[in-house]
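Each number in our numbering comes from the position in the first sequence (counting from 1) with 1358 added on. Where a beta carbon is used, it is the ideal one built from N, C-alpha and C, also for glycine. Computed from a prediction, not measured in an experiment: that's the story for all the values here. First up is the structure itself, then whatever we jot down about it.
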Amino acid sequence: MLLVHTLRDDRQRVLEGLRKRGIDAAIMVDRVVTLDDKRKELQTSNDTLLAERNTLSTEIGTLFKSGRKNEANALRERVNEIKGAVAGAEDELRATLEELETTLLQLPNVPYHLVPAGSSAEDNEVYQDYPGELPALGPDAKPHWELAETYGIFSLELGVRTTGSGFPVFTGQGARLQRALVNFFLDRNTAAGYTEYAPPLLVNEDTARGTGQLPDKEGQMYYITEDDLYLIPTAEVPLTNLYRGELLDADQLPIQLTGYTPCFRREAGSYGAHVRGLNRVHQFDKVEIVQLARPEESYAKLDEMVAHVGGLLDALELPYRILRLCGGDMGFTAAMTYDFEVWSAAQQRWLEVSSVSNFETFQSNRLKLRYRAEQGNELVHTLNGSALALPRIIAALLENKQTEQGILLPEVLHSYVGKDRLDPVG
RNA sequence: GGAGGAAUGGCAGAGUGGUUUAAUGCACCGGUCUUGAAAACCGACGUGUCGAAAGGCACCGGGGGUUCGAAUCCCUCUUCCUCCGCCA
């Protein structure tokens, strides 16, 4: 959620920024400022009434003590009048606050100045292209869903039996590969200074609201009505919310967290060729990195995170490129996002495997996550990124590493998987 | 799931209807003293909000209520502790 004073003081920058998302926000921004003016006015007059009430109540107490009942009763009448006025003012204030918040919630984050304008994925900027020729596979190269059968990696049919479509069951060496990748990622992340957490997979409403999943992406999350809990769509949600409501000391920053969790996404209405195999599923594993940073450092931290994720893909020997998302393709809450895409030679397309974003104060405002800065208490900047999401990495490994001798695993995985290649089964 | 107890500032811990602008201690910060440090002493010391400022208002787990007035009384929810039950 954007800050009112940003809309007020930085109106021009906000409007220009939101234009990169293809949004003309002038009316809404002005509406917010008007509502906030009204809020101040109501609050001031209400506070004045309360101040009078407090003074009179103290006087009444004094009068009663000295036995001057008549005078006290006269004052009580006046206080009762005030009470009525206060009740009315508070109702109006509450209604104004509600409308203010509703309006504010409709505004997405303001893109950072480096974010290119644009309306769709077409307008994303290639920030770092794959150096050299993309690896070409033979004409008989197979997509991962076919390889999965040959090599016994996962089964969608078994998932249908136990659950439904979009719930892959990893089997044998596929399950082992999954576990190997999780461990590899966590080891690399902790070595880079991220502290490992194993958070709950179900979160309450406040938590879902803190990182912006509510009210924006309500339909995307699985919801347990019986207990009023949401299944997490990403570890970002519980990890960032670990610090909800905190007032940190400046020397605690930056805070670096990592965690492995399954992720649950309803992905309603997604069918077709682009979602075959592991391309889009309802449950998948992901290792996430999160940073809480001082505002002046957050973009340096974003660069660090991008370099770190790039290092993971380098180690896995996968061909990838980095995109800087345009305004129209960025998520609602992000100020700047880099996407990592791995080339799938067999599918002849790029697959998104990681998304690394700076949210600036958009999340911390909701989270009330602040730190003691020299010039006073300030909201921290929150950042996160996938490091990495498993299914598409597995898909990319299968497709890019397929040879007549089997799937040749990158060296860094040998000790984790316990062998240097995957062989066909059956 | 049942019975009982509890929730107060960074921490500990007073406070059961009216100068509570929440005592006191510890921690932290500034200062005096000291070659330096410790000790001692002095001072400052929560968050949000309105205001140029002075100052006002709100906040004692969350929400609601009683009252002229609520940390204090009532209702409700949540969490924690003790005991019982169930259980990987």
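Which residues DSSP lists as bridging residue i, in chain order
i	result
T1460	Answer is none; T1460 lacks a bridge partner.
R1779	L1766
A1747	K1644
I1613	L1650
M1694	N1716
T1828	It is not possible to answer for residue 1828, since the shown part of the chain is limited to 1359 through 1784.
T1790	Outside the shown range of the chain, which is 1359 to 1784, sits residue 1790, and nothing can be said about it.
Whole-angstrom distance between residue j and residue i, CA atom to CA atom
i	j	result
L1495	A1533	26 Å
P1768	A1538	12 Å
L1681	E1662	16 Å
R1724	E1736	13 Å
R1436	L1407	11 Å
V1372	T1364	8 Å
R1750	I1381	32 Å
P1469	Q1760	40 Å
T1691	S1415	47 Å
K1644	T1529	18 Å
F1717	A1693	5 Å
P1489	W1708	15 Å
I1613	A1566	21 Å
N1431	A1445	21 Å
L1683	L1465	18 Å
D1607	V1711	34 Å
A1556	T1548	13 Å
A1745	A1673	12 Å
T1569	I1582	19 Å
I1511	V1391	56 Å
G1522	I1385	45 Å
S1715	P1474	15 Å
Q1733	L1755	49 Å
G1689	G1784	44 Å
Same chain, Cβ closer than 7 Å to residue i, neighbours up to 5 away in sequence not counted
i	result
R1623	Q1578, P1591 and H1640
S1478	G1686 and D1687
R1434	I1418
L1670	F1543, R1546, A1745 and L1746
N1404	V1444, A1447, E1448 and L1451
Span of the beta strand (DSSP E), counted from its first residue to its last, around residue i
i	result
K1644	Q1641 to A1651
V1484	E1483 to Q1486
S1415	S1415 -> not in any beta strand (DSSP E); alpha helix (DSSP H) instead, spanning A1384 to K1423.
V1738	Per DSSP, V1738 belongs to no beta strand (DSSP E) and is neither H nor E.
V1711	R1707 to E1718
A1349	Because the chain is modelled from 1359 through 1784, residue 1349 falls outside the range shown and cannot be assessed.
E1554	T1553 to Y1555
R1682	Y1678 to R1682
L1606	L1605 to D1607
L1587	L1587 to L1589
Residue i: first and last residue of the uninterrupted alpha helix (DSSP H) it sits in
i	result
H1363	V1362 to D1367
R1786	Outside the modelled stretch of the chain, which goes from 1359 to 1784, sits residue 1786, for which no answer is possible.
Y1657	S1656 to A1673
Y1509	H1502 to Y1509
T1592	Run containing T1592: none; DSSP gives neither H nor E here.
R1567	E1563 to G1568
Cβ-based neighbour list, residue i, same chain, cut-off 6 Å, excluding 5 preceding and 5 following
i	result
Q1508	According to the sequence displayed, residue 1508 carries Thr and not Gln. So the list reads P1782, once near-sequence residues are dropped.
L1780	Y1509, Q1531, G1764 and I1765
H1739	A1651, P1653, S1656 and E1718
G1517	F1525, P1526 and V1527
G1603	K1726
Spatial neighbours of residue i in its chain, beta-carbon cut-off 8 Å, leaving aside the 5 residues before and after
i	result
N1562	D1586, L1587 and Y1588
Residue i: CB within 7 Å of a non-hydrogen atom of the ligand MN
i	result
S1513	In the structure shown, the ligand MN is absent, as is every other ligand, since no ligand is present at all.
Cβ contact (3+ pairs, closer than 8 Å) linking the stretch 1438 to 1449 and the stretch 1408 to 1427: yes
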